[in-house]
Each structure stands twice: as structure tokens, then as C-alpha cells.
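One line per chain: the protein sequences are E and B, in this order. With the first letter of the first sequence counted as 1, position 543 gets the number 542 in numbering that gives the first Met the number 0; the numbers rise by one all the way through. With the first letter of the second sequence counted as 1, position 322 gets the number 321 in numbering that gives the first Met the number 0; the numbers rise by one all the way through. C-beta: ideal position from N, C-alpha, C; glycine also.
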Amino acid sequence: MNVLSIEGLTVEFNTAEGKIRAVDDVSFVVPENRTVALVGESGSGKTVISQTIMGLLPEAASIASGKVLLSDPTGAEPPVDIAALERKGPKMRHLRGNRVAIIFQEPMTSLSPLHTIGDQIGEAALLHRNVSGSEARELTKEMLRLVRFPDPQRALDTYPFELSGGLRQRAMIAMAMICHPSLLIADEPTTALDVTIQAEILKLIREVQAELRMSVLMITHDFGVVANMADEIAVIYHGRIMEKGTAKQLFNDPKHDYLKALLNAVPSFHMDKDERLVPIRPITLKSEDLTSNRPHCEVAPGEPLVEMRDVTKTFTLRKGSLLGGQAKTMTALDKINLTIRRGECLGLVGESGSGKTTAAKTILRALDLNGGEVLYNRGKGLEDIANLKGADLMDYRRRVQLIFQDPFSSLNPRMTINDTLMEPLEVHGIGTPQERAERARNLMDLVGLDPRFLRRYPHSFSGGQRQRIGIARALALNPEFILCDEPTSALDVSVQAQILNLLQDLKRDLNLTYLFVSHNLAVVDYVAERIAVMCRGRLVELGETRTVTGNPLHPYTKALLSAVPEPDLSAPLDFAALDANQASEPQLWPEPFRLTDEMEPTLVELEPDHFVCAPGLKNTGALEGTAA
Amino acid sequence: MLYYIVRRILMMVPTLLVISFLTFFIIELPTGDYISNQIAALKSSGESSSVAKLEFLRKEFSLDRPFFERYLVWVGLWPGPHGFDGLIQGNWGWSFEYDKPVEQVIGPTLPLTVVLNFATILFVYVVSFPIGIFSATRQYSWGDYGFTFLGYFGLATPNFLLALILLYFFNRWFGLSVGGLMAPEYIDQPWSFNKAMSVMAHLIVPTIVIGTSGTAAMIRRLRANLLDELHRQYVTTGRAKGLKEGRLLVKYPLRMAINPFIADIGNLIPSLVSGSVIVSVVMSLPTVGPVLVSALQSQDQFLSGFILLFVAILTLIGMLISDLLLAVLDPRIRLGGRASS
């Protein structure tokens, strides 16, 4: 029996420029107790479909034609056509949260910060299940137990800001499940989460689904998630369904060119080292103008360019006030030793809060250190960047540049692209105005954008184009070392492939050195020659990319790797092996990896060029090194 | 929570000390003082008989001492000619202009000032809230445009003009006596029910006049704040649960949007006092505003110093109230420590 069947749905938006068709003649079904994945890039109309089902379409949108039939598998209520219901009417309200429920991408913002979890979850029960306040509280507790909250009783009275992202998403799931809906819409439920937590949430959705015999409509752009969750798949592009079928059919024998292209754009661990991703919209770049007159880098390839020695950084969480109160500190970096060699791409991997961005900031000298030093080789041997002043510091700033994570907030909306690209040149006083303008045009060519776009403002560009502008800005000063702080985590897979290829081409053509910070192991595996894994401010494993991903030695790296969903049906996630929160708790690591707060995180060379943080092996004769 | 309240109140003591010092410092900035100005005036007119009395007064109020000592004597932390006798001991000082203790000069006006301020704040909140919510939820509707227009109108109209117009009509329609805070026959009469009613009736016009601009500004801000919140994800979450629009609005976005308004209570008070001076003069309201202006002009330093300090205390109390309300309403403030520990 089909819980949801959409027939010929067309949704239009009334805009100032006329009607825009966001969803065009879409038909698919969600059978009982099955998971259907709706896959597409951003802007493809997948969220509009979820809004239609929930009756949450914005005012400007209207359903031009089609049916959205919701059936009750228990047969207690007759099927209803949601498309025909008044969106704000009582009939639609009766369905929402009761028979269809939704969980959103961003667990940080989808819960009200001013109300307790118990209040917000129980509200749905109060609305639909005809229960008293205390019964609702009991039900909520039951739901929190079902979504594996550690202490359901206590959790009832906690506020969202007291919970981690993973727990908030669990609370969202509990809220969606409390009325036992027959259909759950999961709108990118794990995109904002770390891989280990993503795996836990996916596992949870599966378990809850099995327990309540519910259907799931999974909206996502991540083929790794699709491969692990979906029974059936519908691929959507520009509001139209391109291809649909069972997961097996689509993964083993994709028919439509768009789906083939999408699958080719996803990096996976099985790729050969020299295999390239194929972006859906490839870009051509012209780098001749820039490669010809680049300043020569005096450091020989393979020599250390940046070296972090015992770098320690602590943050003060709460200051002691005038009238008492203890100052609280948190160690963001604990004696990090790391060398970045000229010409390589070093991947820095870890969950959020592991200190990887802090590490990148210390290299930029954007933060003052509490201990240790960061050394940089400007051709005159390694020197401590903390001692740089005046012209030397400006020279250092020219050599080291940053590419930001969020292409939307990292460009000033009030500056044209031309101004954005020329600003670094003006700051450093390079060239005449004519030369700067020439340089800006060359930079646009370099990242494959039309130089005629220079007069536009950032808002007229897509996310991928903005990120290319951000890359062009970072290249304006002819740097030799670039810090990439999660440059693709805000982008679609198709655009991600484009950006990753661009970064690789630039590295080759301009002899750049990268520190590539990311939480996505597959991406790092694709771009990096060596990988450094961080956890709770410590470096836990370091080695050649293929050595680390193929033969991880540290329990944390193992957990991280096993949690990455692969876009491949033959390599499903091992949900049974997932151990909640154990892997990122240094005290709980097995010997010899166990690490307490007082212990120094010593790196031990267990294999040639493969370092692991194992304090227990420090004195047992294993090769000891400083991760050179 | 109790610890928080106690700590918050204790924090007011050093703040008050700093404010009192600054107040005193600023008042003493112009050269000379009330008495030395008087002496100079008398000397230039050749009259020197009362100079001796004024010299005596200078000594009496320790105006002949150095600056820091004068300040400490005023506050009551340093012995003056009559031992410790300053603000802390309850002596509000002497008004030279009125030749009376400050207490007697502004004593009767203080409660009325507080009442007027309180009524105005109440008016601002009671009027701006429903209108702000209406404008935000029906953005770009005729109602929204209408209130926006009225709001700008209210901001742009000079207060004294509005005061005169309203006084005229209230007098024509309801026979309300022009000016003052009560009908003339109740002045200097003991408090009675009728007198209280008369005060209430006379409060209406000044409250509206002083409150209009504040109301207009607050409508605009509530509208902007609420519009920001209405598009947040948690509102969609609430709607997806099947909540009715009205309950949804009150429970989630409105709760978030009112934070800045509660935080504003403390800031409203000084602007109301200083902003109402012209209105008080035009409507001859017995509030401290006009007294403050004349005291500043004539360098009647103890009087003006005390009024400024009084307004500062009102502000501090307002801020205390808003901080406590915020802690009650916003768990992030109340439990901020718990989350990070």
C-alpha cells in the first residue's frame, strides 16, 4: 500500500518576473514502511515538494495541478488529497505533526531556544492525541527513550542550547515521532552533522522506522546517505523527475545522463589516486598569464614550509567576575606538532570542535598562542611567525592566504567583484590601478569566470561561483601557501567536484601548498597527499593518505572512517558496530591510546611515516618522532 | 537565582558611586559656584553687606574646600562642618536658588515624576505591542501602511504642538483644566479620592504627548524584530506540529522578539525625563524636568546634582528590573553557566 502518492504535481511561484515553475509534473509514490530518497541539487525543487506535502508552502507558491494523496495504512481514516486542502485550515492542521511529520536539516535552529525539550516535544501530543499535560510528559519521556536519550527524565527539562547537535536532532526526531505518523519527511536530516553523528542518526531513523512501521521520504543530495537508507530513489533536476526506481537499479545501472554525471561527481575511497572527478558543469581555466610572472618560491619541493611545534591554545569560557566566580578554560589545541611540506596538500580532519579550524588560525597568526611556536620558511630557513613585524609581517601575510567555508558570508555584499579582487592588491600597495584591473581580469580567467562579471555584486552569483571568487581573491597576491577551511562543505556534490578539481589544477599550475581542513574524509582522501586526524584538540594520527584511510591504527580514525557512508550499495555502513560517543572520548580509548587530561599527547611512529598518538607506547621502544 | 539577584544588587553600589562622582564632576566643570557668582554680582553692584552672609554659607556647605573633599562631603563619606552629613545620611543638600533644602524643593514633584514616567512607559508598551504585532504579521497590508504612516507622523510632530492641541480639545470636550497635573482646587490639598481621580484625568494628555514618539519608535522596532523571527526555522517546526497560527505566534516568535524591549526598560527612563522638559514647561507639569533646567542654569549645584543622581538611580532600577525579567524569560541567560560547565 502506498502511504503517499504524488500524481502530476506542479507548483508555481508568483514572482515579480512572472510565474516560475518550481516543480513540474512530478509523480512518485512512497510505499508503506519503505524509504524513498528524493535526490537533487539545491534549487532542484526537492524542498518545495516537502513543503507541499506538509502544507507549508510560502504565500507566493500555488499548486497549479496534480494530487498529493495521503493514505492511512491502518485504514482508520480515508485517503486525503493534500493539494486540495486549505493550507492554514483545520484539516491540514490535523494532518501536520499527526500523520505527516518532518525533520529539518539544521538542528541548531529548528528548536526554540526558550522552551524546554519536553515542552516542545509534548506539544505535538497535546495537539493531536487528546492527552493531559502529565500524560503528554510521560509520552515524551517514552519517545526520548526511543530515540536513545541518555537520561530521558532529566532531558525533559533541558533547553536546546544545553544539548549537542546530535542530541538536538534526536529531540527533533522524537518530536516528529510522538504521534506515530505514517509518513516522516527527513529534509537533509544529517547534512549539518559530523559523520559519526550522521551515522548514529541514520541508524536511529532506521530503528524507529522498523519499530513504528513508518514510511520515510528522505530528501538529500548525498549519495552516501542514499545508498545506506533508500529502498527506492527519485532523482530530481530543475523541478522534474529525471529517473526513478529501486536503489539497486539506479546504482548499478543508471540510465539518465544526469544521474550518471551526479554519481561520477562524488569522491569515494575506491577511486585511484590519479582518477579525476567529473563535474557536471566543468570549467576551463586559463592560467598562463599568472604562471608566467609568479615570484619563485625559494623552498625546494618536499622541504618543510610550515612547522607547528608544541602549539597550545586555550580559550577562556567564562571570566571570573568582580564578585567571585571561577574562570573556566578549554584547551582547543594541545601540543600540536605538524609539518607541512612545500608542494603538498595536507588534509586536516576531525569532527566539529576538534580544533582543526583553530589550528589553521594559528598558522595565519590570527590567534595568539599559549605555548609552542609556528615556524614558516620564507627561503631563509624556518622562522617563528610570532616575531614577524612590519614589512616582514606584510610579506608573510602575502604568502599565506585563506579560503573560507561559507561563500555566502565571506564576500562583502556591498562590494563589486572587482573591488573584492583588487582590495588585497591595494592593501599591499601592489601595481598601478591599470595593472590591478588587469590582474583582476586574469584572476577571473584563472577560476573560469567571465571577466565581464567583475562589475557585478556577490548576490548575482551561485554558491559555487562565489566560492570561485573567494579562491580568486585568495590568489590575488600570488601566495605560496593556502589554508582551505572546509571550502566545499556548503556546496552541492556537483559543485564540490568542480571546486576540488579547480583547487587541484591551481596547485599543479601555480606550485601551491595547501592545508585542507575538512570533516569529510572522502573529500580529503581525494585531494590530500597526507592526512592529519584531530580529536579534542589533539593530533591523533598522521600519515600518507592511503596508509591512513586503508590501514587506520587509531581507534578514533577507525570510528571516523567506518562512519562515512559510501555511495556504493556493496559497502553499507556497519550500523551494529557504531558505538555511541565512545570514539571521541580520549579517556575511553583502549590502551595504549588512552589519553587523560594530564597526559602529553605523544605521537609514536608505528609504521614508517605513519604516526599515531599512543602515550602507552611511549617508552616501549617504538620509534619516537616529532612527526617530521 | 537568589545569588544572581543579590550579586546584581551589590553590583549597583560601585556603579552608583561612579555615577555620583561623574555627576558631581560635570556639575562643577563651569568655573565658580552659585555663591561665588552671587558675591561677584553683589560686589559689582557695590553692595557688600550680605557678602559676609554668603561667605558664611560657602563655609557652611564646604564650598571652600578642594574638589575631592567637596565631593566626599556631598556623598557623606567625609566630615563636613557638621560631621558626616551627606546623601548617605539622608541629607539631600541645600538649594541656594530656592533657599530651601533640596528635599523641600523637589519632594512633592518626585512622586509625580515617577507616576508620570511609569504611566508613559505603560502607555508605550500597551499601545505599541498590539500594533507592532499586527504590522509584522500583516506586513505590507493596508493596516501595516496605515500604522507606519501614523507612526512616522507621531515621530515627526513636535511634542509641545501636540500638547497644545490635545489640551485644547480635552478642555473643549471634557472640560479638563488646562495645564498642571490636577485641577487647581486640589493643589496643596490633602490626598483624597477626588484628587487622585483628578490626577488620573490630567495624566492622560501628558502621557500621550510624551509617549507618542517612544511608541512610534517601538512599533517600528517590534515589527522589525518580529519579522526577523517569523521566518526562523523553529516557527516552521511549530507550524509543522500542527499548531494554530495565533498560539504559534505568541508562544514562539513573540517570546523571542520581546527580549530587546525588556532590555530597554532601563534606557527609557532618562530619555523620558530629559525629553519631557519642554512638554512639562508647556503644560506646567510639576515634574523635576523644569526644576533641573533652571537649577543647571543658575548653577544651583546640589539641587541639579541630586536630580541627576535621582534619574540615574531610576535608570539603574529600571535596568535591574529588565535584567531580572530577562533572566526569568530567557533560559539562555538564566542557565548560561550550567551549559558551559
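- A Cβ-Cβ distance of about 6 Å is found for the pair residue 64/E and residue 7/E, placing them in contact under the 8 Å criterion.
- Remark: C-beta atoms of residue 177/E and residue 211/E do not approach each other more closely than 8 Å.
- For secondary structure counted as the alpha helix (DSSP H) over 4 or more consecutive residues, the stretch 242-283 of chain E holds these complete runs in sequence order: 246-251, 256-263.
- Within chain B, no residue has its beta carbon less than 8 Å from that of residue 180/E; the closest one is some 11 Å off.
- Close partners of residue 241/B in chain E (Cβ separation under 8 Å): 92, 93, 94, 95, 96, 97, 123, 126, 127.
- Residue 18/E counts as exposed, since fewer than 16 other C-beta atoms from the protein chains shown sit within 10 angstroms of its C-beta.
- DSSP, read as helix, strand or coil, puts residue 69/E in strand.
- When Cβ-Cβ separations below 8 Å define contact, residue 78/B makes no contact with chain E.
- Excluding its 5 nearest sequence neighbours in each direction, residue 198/B has C-beta neighbours in its own chain below 7 Å: 180, 181, listed in chain order.
- When C-beta distances to chain B are compared with 8 Å, the residues of the stretch 131-160 of chain E below that value are 158, 160, in chain order.
- Secondary structure note for residue 2/B: its alpha helix (DSSP H) is the uninterrupted segment 1-26.
- Cβ neighbours of residue 373/E within its own chain (closer than 8 Å, five residues either side excluded): 305, 306, 307, 308, 310, 361, 362, 364, 383, 384, 385.
- Secondary structure at residue 547/E: helix, using DSSP grouped into helix, strand and coil.
- Rounded to whole angstroms, the gap between the alpha carbons of residue 500/E and residue 275/E is 8 Å.
- Judged by DSSP in its simplified three-state form, residue 605/E adopts strand.
- In chain order, 108 make up the part of chain E whose C-beta sits under 7 Å from the C-beta of residue 231/B.
- The three-state reading of DSSP puts residue 303/E in strand, counting E and B together.
- At a beta-carbon threshold of 7 Å, the residues of chain B lying near residue 53/E are 239, ordered along the chain.
- Shown here for residue 132/E: same chain residues with a beta carbon closer than 8 Å to its own, the five before and five after excluded, namely 121, 125 in chain order.
- Between residue 293/B and residue 286/B a beta carbon distance of about 13 Å is seen, past the 8 Å cut, so the two are scored as non-contacting.
- Taken in chain order, no unbroken stretch of alpha helix (DSSP H) lies wholly in the stretch 68-102 of chain B with a span of 4 residues or more.
- Secondary structure of residue 406/E (DSSP, three-state): coil.
- Going by DSSP, residue 12/E is part of the beta strand (DSSP E) stretching over 1-14.
- Residue 93/B is a Cβ neighbour of residue 60/B, given a cutoff of 8 Å.
- Residue 331/E and residue 533/E have their C-alpha atoms roughly 11 Å apart.
- In the DSSP annotation of this structure, residue 98/E is not part of any alpha helix (DSSP H), being labelled neither H nor E.
- Distance from residue 301/E to residue 341/E at the Cβ level is roughly 7 Å; contact confirmed, criterion being Cβ atoms closer than 8 Å.
- Residue state for residue 446/E is assigned as coil, using DSSP reduced to three classes.
- For the stretch 313-332 of chain B, the residues whose beta carbon sits under 9 Å from a beta carbon of chain E are, in order, 328, 329, 330, 331.
- Distance from the CA atom of residue 614/E to the CA atom of residue 142/E, rounded to whole angstroms, is 41 Å.
- Counting only runs of at least 4 residues, the stretch 29-65 of chain E fully encloses the following alpha helix (DSSP H) elements, listed from N- to C-terminal order: 45-53.
- For the stretch 246-270 of chain B, residues whose beta-carbon sits nearer than 8 Å to a beta-carbon of chain E comprise 250, 251, 254, 255.
- For a Cβ distance threshold of 9 Å, residue set 235, 236, 239 of chain B lies close to residue 101/E, ordered along the chain.
- With a threshold of 8 Å between beta carbons, residue 1/B makes no contact with chain E.
- Around the beta carbon of residue 74/E, fewer than 16 other beta carbons sit within 10 angstroms, so the residue counts as exposed.
- Sixteen is the threshold: since fewer than 16 other Cβ atoms of the shown chains lie within 10 Å of the Cβ of residue 1/B, the residue is exposed.
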